[in-house]
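Listed in order, the protein sequences are those of chains A and B. If you're matching positions, the first sequence starts at 28 in this note's numbering and goes up one per residue. If you're matching positions, the second sequence starts at 481 in this note's numbering and goes up one per residue.
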Amino acid sequence: MTRPLNRTKSIAMKLAIKLAFRNLIGAGLRTWLNVIVLSFSYVIIIWMNGVMIGWEEQAKHDMTNWQIGGGQYWHQTYDPFDPFTLSESHAPVPSELTDAVAKGDIAPMLIVQGTLYPQGRMQSIAIKGIDPKQTVLSQPSHRLDTIVDGIPAIIGAMMAQDMALQKGDRVTLRWRDANGTFDAATVVIVDIFTTNVPAVESGQVYISLQKLQEMTLLPNHATTLTLKNNKVQTPEVDGWAIKTKDTLTKSVDDLIQTKTAGLSIFYFILLLLAMLAIFDTMVLSIFRRQKEIGTYVALGYTRHQVVGLFTVEGAMYSILAALVGAAYGLPFLAWQAKAGWTMPMDVSEFGMAIAQTLYPVYSLGLVVTTVLIVVLTTTIVSYWPSRKIAKMNPTEALRGKIQ
Amino acid sequence: MGKGEFTALKGINLTFGKGEFAGLIGPSGSGKTTLLNIIGSLDVPSDGEAMVLGNSIGKLNSKQAAQLRKENLGFIFQSYNLLQVHTVYENVEFPLLLLNHSAAERKRMVLDALEWVGLTDKIKSKPPQLSGGECQRVAIARAMVKRPSLVLADEPTANLDAANSHNVLQTMEKLNRELETTFIFATHDEKVISYLRRKIFLLDGRVDNDETVKSN
Chain A
28 MTRPLNRTKS
38 IAMKLAIKLA
48 FRNLIGAGLR
58 TWLNVIVLSF
68 SYVIIIWMNG
78 VMIGWEEQAK
88 HDMTNWQIGG
98 GQYWHQTYDP
108 FDPFTLSESH
118 APVPSELTDA
128 VAKGDIAPML
138 IVQGTLYPQG
148 RMQSIAIKGI
158 DPKQTVLSQP
168 SHRLDTIVDG
178 IPAIIGAMMA
188 QDMALQKGDR
198 VTLRWRDANG
208 TFDAATVVIV
218 DIFTTNVPAV
228 ESGQVYISLQ
238 KLQEMTLLPN
248 HATTLTLKNN
258 KVQTPEVDGW
268 AIKTKDTLTK
278 SVDDLIQTKT
288 AGLSIFYFIL
298 LLLAMLAIFD
308 TMVLSIFRRQ
318 KEIGTYVALG
328 YTRHQVVGLF
338 TVEGAMYSIL
348 AALVGAAYGL
358 PFLAWQAKAG
368 WTMPMDVSEF
378 GMAIAQTLYP
388 VYSLGLVVTT
398 VLIVVLTTTI
408 VSYWPSRKIA
418 KMNPTEALRG
428 KIQ
Chain B
481 MGKGEFTALK
491 GINLTFGKGE
501 FAGLIGPSGS
511 GKTTLLNIIG
521 SLDVPSDGEA
531 MVLGNSIGKL
541 NSKQAAQLRK
551 ENLGFIFQSY
561 NLLQVHTVYE
571 NVEFPLLLLN
581 HSAAERKRMV
591 LDALEWVGLT
601 DKIKSKPPQL
611 SGGECQRVAI
621 ARAMVKRPSL
631 VLADEPTANL
641 DAANSHNVLQ
651 TMEKLNRELE
661 TTFIFATHDE
671 KVISYLRRKI
681 FLLDGRVDND
691 ETVKSN
């Protein structure tokens with residue numbers, strides 16, 4: 028019994044699709060207006076989500092290159108959000124990792140508090156000691172090998188702007204050594220680098236690791252040890268905590284999740300407008316097409332089958348919209364993925380890892396999910412007013428007398 | 481008026497045989513459309529029994545009633561009730577789609593039906609492009625395409641001029657004779673009445689007179 032019943036249902040569905048398609052195409056401009064509005068929803072939702080995914084990938088990529096590498100060891104007391112612990116957050120590079128450091132697979136970094144005096148102003152900063160020969164991070168540390176009259180230092184572009192410093196400027200730097208004694212020297216800005224990761228430049232000055240170790244009387248000490256990639260062996264080391272790449276990029280995930288949730292409101296409004304148009308069309312359609320509904324019943328449809336027909340008709344808006352959206356959306360989305368979306372304002376002071384130009388990244392999952400959500404929503408919105416048909420008296424519907 | 485009940489038909493006892501060309505005749509409110517709707521299983525009697533092709537209309541559920549209409553009944557309406565966005569061909573094809581005929585079979589049957597009503601040259605036209613007479617002939621083709629046992633026609637000539645009225649009536653009479661399809665009309669149009677072979681006069685929901693015209 029099941030097979031013939033399923034076959035009957037399948038035939039009824041095919042017929043409903045065929046009729047709904049004819050009805051929609053026959054309705055002309057009314058159909059295409061709804062379809063175009065709905066297709067905008069598809070394209071914009073996919074594009075904006077693509078931008079968010081692209082941003083996330085770019086942020087993680089930049090963080091990897093500039094800040095976290097393939098993961099890090101942190102001195103056990105190191106807390107990047109608590110400057111008061113910084114003076115205690117260092118220890119000699121563990122013997123288990125010295126080979127990897129020598130091979131260049133791990134980049135040690137010593138971080139101490141200091142004060143910079145640009146143009147007579149006093150500015151608290153973090154002094155970061157980095158090996159000029161390291162290749163783990165993208166900071167142009169090799170520039171620290173420059174011979175100048177002072178301590179060579181590099182800073183980020185945003186930092187340079189904030190401190191009104193330029194390449195070649197000389198500025199006084201003060202720090203405390205391991206004994207708590209204050210000392211000061213002149214640093215020379217030998218390079219200014221540009222990065223999308225504010226966390227590696229804001230309030231920071233980079234000098235040679237060896238020089239900083241000498242200045243602070245902390246030979247061979249480091250605060251963090253950055254791995255070149257995730258293939259580097261990471262044995263448990265006493266006094267050091269392993270921070271995986273995933274742990275360190277969690278902040279980006281959280282940020283994107285928050286932004287995506289915020290954007291959902293926008294998607295909701297966009298979808299709501301499209302759904303309102305379809306709901307309105309369906310309500311009007313059911314009112315205007317009473318005779319047609321009565322005719323379907325007279326010709327052999329049950330009222331529930333007519334409800335199904337109208338629901339399919341409504342849902343088909345979303346299918347047509349997907350096709351129309353694909354027609355103009357695919358070239359647009361492909362072009363955006365290649366050319367990127369350049370934000371109209373300067374993003375360097377946003378305080379987050381964001382590039383001026385974001386390159387949207389689309390996945391099959393994103394497209395399929397968007398299509399499913401829109402089709403499902405449209406179907407529900409179409410079914411809602413269509414239920415009224417089930418309560419219609421066919422003889423009154425035939426005469427078009429239902430108010 | 482509120483929810484007050486109105487009895488549209490009282491004491492009706494009628495039997496229709498195969499191949500009849502009969503009409504329910506009466507003024508507005510006489511109950512002819514109500515009776516036609518009950519016969520067509522679009523409505524159910526609140527009392528009594530209506531048997532159509534062996535089915536008790538009051539006892540059919542909506543699926544069974546729909547099945548009865550789909551397989552055995554054809555309807556012709558005063559205002560044609562054609563599907564406006566569909567072509568003539570698609571309108572006539574519709575009942576066959578519901579009956580799940582093959583594409584080739586549908587094509588043959590639709591073209592046959594359009595030939596009966598003389599509209600083979602209009603298959604690609606849509607109802608808004610047709611005259612009233614042509615629309616009603618499409619409706620006849622749609623009602624007849626599946627070769628139903630019974631065709632119910634509610635005021636089929638009310639929107640037609642005299643020439644078109646005679647044209648569609650002649651078409652229906654011809655189909656009635658050739659295919660032995662039973663036709664039941666609801667009408668008060670003299671032109672229709674003149675074609676009927678059985679005339680059932682209704683007045684205030686009762687049968688006032690039931691006369692059969694003797695054929696020459």
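Backbone N, C-alpha and C fix where the C-beta goes; we use that ideal spot for every residue, glycine too.
With a threshold of 8 Å between beta carbons, residue 276/A makes no contact with chain B. In this model, residue 585/B and residue 296/A are separated by some 49 Å (Cα to Cα). Residues of the same chain with a CB within less than 8 Å of the CB of residue 310/A, apart from the 5 flanking positions on each side, are 412 in chain order.
Residue 135/A carries a strand assignment under DSSP once its states are collapsed to helix, strand and coil. With respect to the 8 Å criterion, residue 289/A and residue 70/A are not classified as neighbours on the basis of their beta carbons. Residue state for residue 691/B is assigned as strand, using DSSP reduced to three classes. For residue 575/B, at least one C-beta of chain A is nearer than 8 Å to its own C-beta.
At a cut-off of 8 Å between beta carbons, residue 566/B contacts chain A.
If you look at residue 295/A, you'll find it in the alpha helix (DSSP H) that goes 277-315. Looking at the DSSP output, residue 102/A sits in a beta bridge with 267/A. Out of 506/B, 521/B and 564/B, the CA that lies nearest to the CA of residue 52/A is found in 564/B. The alpha carbon of residue 493/B has as its nearest neighbour, out of 685/B, 693/B, 692/B and 500/B, the alpha carbon of 685/B. According to DSSP, residue pairing for residue 200/A in a beta bridge involves 143/A and 212/A. Residue 387/A places its beta carbon less than 8 Å from that of residue 74/A. Boundaries for residue 605/B: no alpha helix (DSSP H) harbours it, and the DSSP string shows neither H nor E there.
Across the structure, residue 145/A and residue 193/A are spaced so that their CA atoms are roughly 11 Å apart.
At a Cβ-Cβ threshold of 8 Å, residue 134/A and residue 163/A count as neighbours.
By the 16-neighbour rule on beta-carbons within 10 angstroms, residue 359/A is exposed. The C-beta separation of residue 339/A from residue 38/A comes to about 14 Å, leaving the pair out of contact by the 8 Å criterion. Rounded to whole angstroms, the Cβ separation of residue 249/A and residue 120/A is 5 Å, and the two are in contact under 8 Å. For the stretch 323-341 of chain A, the set of positions with a beta-carbon nearer than 8 Å to some beta-carbon of chain B reads 324, 325, 326, 327, 328, 329, 330, 331 and 332 in chain order.
Straight across, the Cα-Cα distance linking residue 527/B with residue 599/B is about 43 Å. Under DSSP, residue 531/B shares a beta bridge with 536/B.
Going by DSSP, residue 678/B is part of no alpha helix (DSSP H) but of the beta strand (DSSP E) stretching over 678-683.
By alpha-carbon distance to residue 219/A, the top candidate from 271/A, 254/A, 253/A and 166/A is 166/A. In this structure, DSSP gives residue 119/A an extended state, which the three-state scheme calls strand. The beta strand (DSSP E) runs of length 3 or more contained entirely in the stretch 586-655 of chain B are, from start to end of the chain, 630-634.
Not a single CB atom of chain B sits nearer than 8 Å to the CB of residue 289/A. Close partners of residue 557/B in chain A (Cβ separation under 7 Å): 425.
Inclusion of residue 368/A and residue 78/A in the CB contact set at 8 Å is warranted, their separation being smaller than that value. Within chain B, no C-beta atom comes less than 7 Å from the C-beta of residue 360/A; the nearest is roughly 33 Å away. Of the candidates 654/B, 621/B and 679/B, the residue whose Cα lies closest to the Cα of residue 326/A is 621/B. A residue is called buried when at least 16 other Cβ atoms come within 10 angstroms of its Cβ; residue 511/B meets this threshold and is buried. For residue 237/A, the enclosing alpha helix (DSSP H) has its first and last residue at 236-243. By the neighbour-count definition (other C-beta atoms within 10 Å, threshold 16), residue 665/B is a buried residue. Here residue 266/A is exposed, its C-beta having fewer than 16 other C-beta atoms within 10 Å.
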